[in-house]
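What follows is a set of notes on a single structure, which appears directly below.
Residue numbers (my numbering): 25 to 485.
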């Protein structure tokens, strides 16, 4: 996976790599002057990277913070099963030390128990507060896996079929709606243009556009129909089913499908069917609130004038394609339940994991992607949104999960950042240092730098 030498659009497509697709993030120095809501954590422009890099690792040992005894004990027991806390701690710090990230969080769970968690970096460059392994963050396109799960539950309830045409449930909404199926929305073979490729979401291409987005653009509220209309300005990539192209538009339509079938918003259904039953207390699917509730690391862009805080933004730019907020613990619990068969029946889970041939090396199923690391085959998704990139991987049997949040910052040393990112993925999925004989990771797809909404962190897309 390689990061391209550019910022990349805010909700970009990032060729479906588990490393994610994002919704970009930067610094909002003049938000208050434009009537932007104020965060309880403050919205400030620091003069530089500022503050010492600090780290928190819950992996056992004399220096473990108080209040995390259970996790420490789990980590000690996990070490006998191949979990290497020291290697995991180093991998999390690795993205912060070259400046590629302002903060990185990670967690490894096995059979539903946390065996390691850690954090490195600074949560707030203005105050120097250190990042916490329990902090919340924007998950970008990992939201898609939640939405796909809800739709597959509705399939199991016989409220729609995967091969139903979109037109049957949402007449007149999209071009070729009579030929595009629900399945094609979920596996990105619909051909629908990606709304985040529109110039309105390409604000990362130059500092002027980025400053404009930070000042006014990030506060704009979008209705799903508006995002679909933006995509409709562009021709389809191909006829339905005749190719594969990652498109956030597919999941905006999927969110409207959930609403039409249930009478409730996609976010309400995710809460009702997944968040509450699993006890995901740090997870939410906001509509248009710009805040991240609870403790969290800020997301930034590095500008010539210094860091720009991009933490606050209107999540409607991502909607059902990327508006979610969560924690590493919640994400691993969700993926464990999903791959372990607690959220979907065998038939629906098999459909979710049926990758489409057109996706090639991306190996994309229905809101879930397969990738191979030094320690075998994993399933999951990546996500990116301004200021945040997310990784979520799990073994096919639901035994081990790895989740990480990376707040990209300084991309000036791309080789070091890419190497650190690959180390994080390999170490996290292996639960420690990967086998020495294993070569470099097989790239799940492509890579890009923080972009807007899609499957790739670090805008590794």
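Even glycine gets a Cβ: it sits at the ideal position worked out from N, Cα and C.
In this text the structure is predicted, and so the values were computed from the model without any measurement.
Limits of the alpha helix (DSSP H) - the one that residue i falls within
{"i": "residue 292", "result": "290-294"}
{"i": "residue 331", "result": "Taken as a continuous stretch (DSSP letters only), residue 331 belongs to no alpha helix (DSSP H), being part of the beta strand (DSSP E) at 330-333."}
{"i": "residue 393", "result": "No alpha helix (DSSP H) contains residue 393, which is instead part of the beta strand (DSSP E) from 393-397."}
{"i": "residue 134", "result": "Here residue 134 belongs to no alpha helix (DSSP H); instead the beta strand (DSSP E) covers 125-134."}
{"i": "residue 169", "result": "167-180"}
{"i": "residue 209", "result": "206-210"}
{"i": "residue 282", "result": "272-286"}
{"i": "residue 363", "result": "352-363"}
Counted within 10 angstroms of its Cβ, other Cβ atoms place residue i as buried (16 or more) or exposed
{"i": "residue 326", "result": "buried"}
{"i": "residue 220", "result": "buried"}
{"i": "residue 260", "result": "buried"}
{"i": "residue 436", "result": "exposed"}
{"i": "residue 114", "result": "buried"}
{"i": "residue 342", "result": "buried"}
{"i": "residue 266", "result": "exposed"}
{"i": "residue 421", "result": "exposed"}
{"i": "residue 185", "result": "exposed"}
{"i": "residue 293", "result": "buried"}
Whole-angstrom distance between residue j and residue i, CA atom to CA atom
{"i": "residue 151", "j": "residue 203", "result": "54 Å"}
{"i": "residue 328", "j": "residue 217", "result": "33 Å"}
{"i": "residue 302", "j": "residue 359", "result": "11 Å"}
{"i": "residue 141", "j": "residue 305", "result": "18 Å"}
{"i": "residue 71", "j": "residue 354", "result": "Because the pLDDT at residue 71 is just 27, under 50, the model does not fix this residue reliably, and the point stays unresolved."}
{"i": "residue 212", "j": "residue 345", "result": "12 Å"}
{"i": "residue 120", "j": "residue 384", "result": "32 Å"}
{"i": "residue 253", "j": "residue 169", "result": "24 Å"}
{"i": "residue 335", "j": "residue 132", "result": "25 Å"}
{"i": "residue 41", "j": "residue 163", "result": "Caution is warranted here: a pLDDT of 36 is assigned to residue 41, below 50, making its placement in the model unreliable, and no coordinate value can be reported."}
{"i": "residue 197", "j": "residue 206", "result": "13 Å"}
{"i": "residue 424", "j": "residue 130", "result": "13 Å"}
{"i": "residue 382", "j": "residue 444", "result": "30 Å"}
{"i": "residue 288", "j": "residue 112", "result": "41 Å"}
{"i": "residue 239", "j": "residue 250", "result": "21 Å"}
{"i": "residue 241", "j": "residue 226", "result": "11 Å"}
{"i": "residue 61", "j": "residue 157", "result": "Note that residue 61 has pLDDT 30, beneath the 50 cutoff, so the model's placement of it is unreliable and the number below is only indicative. Their backbone Cα atoms lie some 27 Å apart in a straight line."}
{"i": "residue 127", "j": "residue 188", "result": "43 Å"}
{"i": "residue 1", "j": "residue 153", "result": "There is no way to answer for residue 1, as the model of the chain reaches only from 25 to 485."}
Where residue i falls: helix, strand or coil (DSSP)
{"i": "residue 257", "result": "coil"}
{"i": "residue 427", "result": "strand"}
{"i": "residue 322", "result": "coil"}
{"i": "residue 229", "result": "helix"}
{"i": "residue 189", "result": "strand"}
{"i": "residue 109", "result": "helix"}
{"i": "residue 438", "result": "helix"}
{"i": "residue 312", "result": "coil"}
{"i": "residue 196", "result": "coil"}
{"i": "residue 413", "result": "strand"}
{"i": "residue 455", "result": "coil"}
{"i": "residue 153", "result": "strand"}
{"i": "residue 433", "result": "coil"}
{"i": "residue 252", "result": "helix"}
{"i": "residue 262", "result": "coil"}
{"i": "residue 298", "result": "helix"}
Cβ separation of residue i and residue j, assumed to be a contact under 8 Å, to the nearest whole Å
{"i": "residue 320", "j": "residue 426", "result": "With a Cβ gap of about 20 Å, residue 320 and residue 426 do not count as contacting."}
{"i": "residue 368", "j": "residue 177", "result": "7 Å"}
{"i": "residue 449", "j": "residue 397", "result": "6 Å"}
{"i": "residue 453", "j": "residue 399", "result": "5 Å"}
{"i": "residue 337", "j": "residue 410", "result": "6 Å"}
{"i": "residue 333", "j": "residue 322", "result": "5 Å"}
Terminal residues of the beta strand (DSSP E) in which residue i lies
{"i": "residue 377", "result": "Taken as a continuous stretch (DSSP letters only), residue 377 belongs to no beta strand (DSSP E), as it is neither H nor E."}
{"i": "residue 409", "result": "400-409"}
{"i": "residue 246", "result": "Unbroken run through residue 246: none, as it is neither H nor E."}
{"i": "residue 139", "result": "137-148"}
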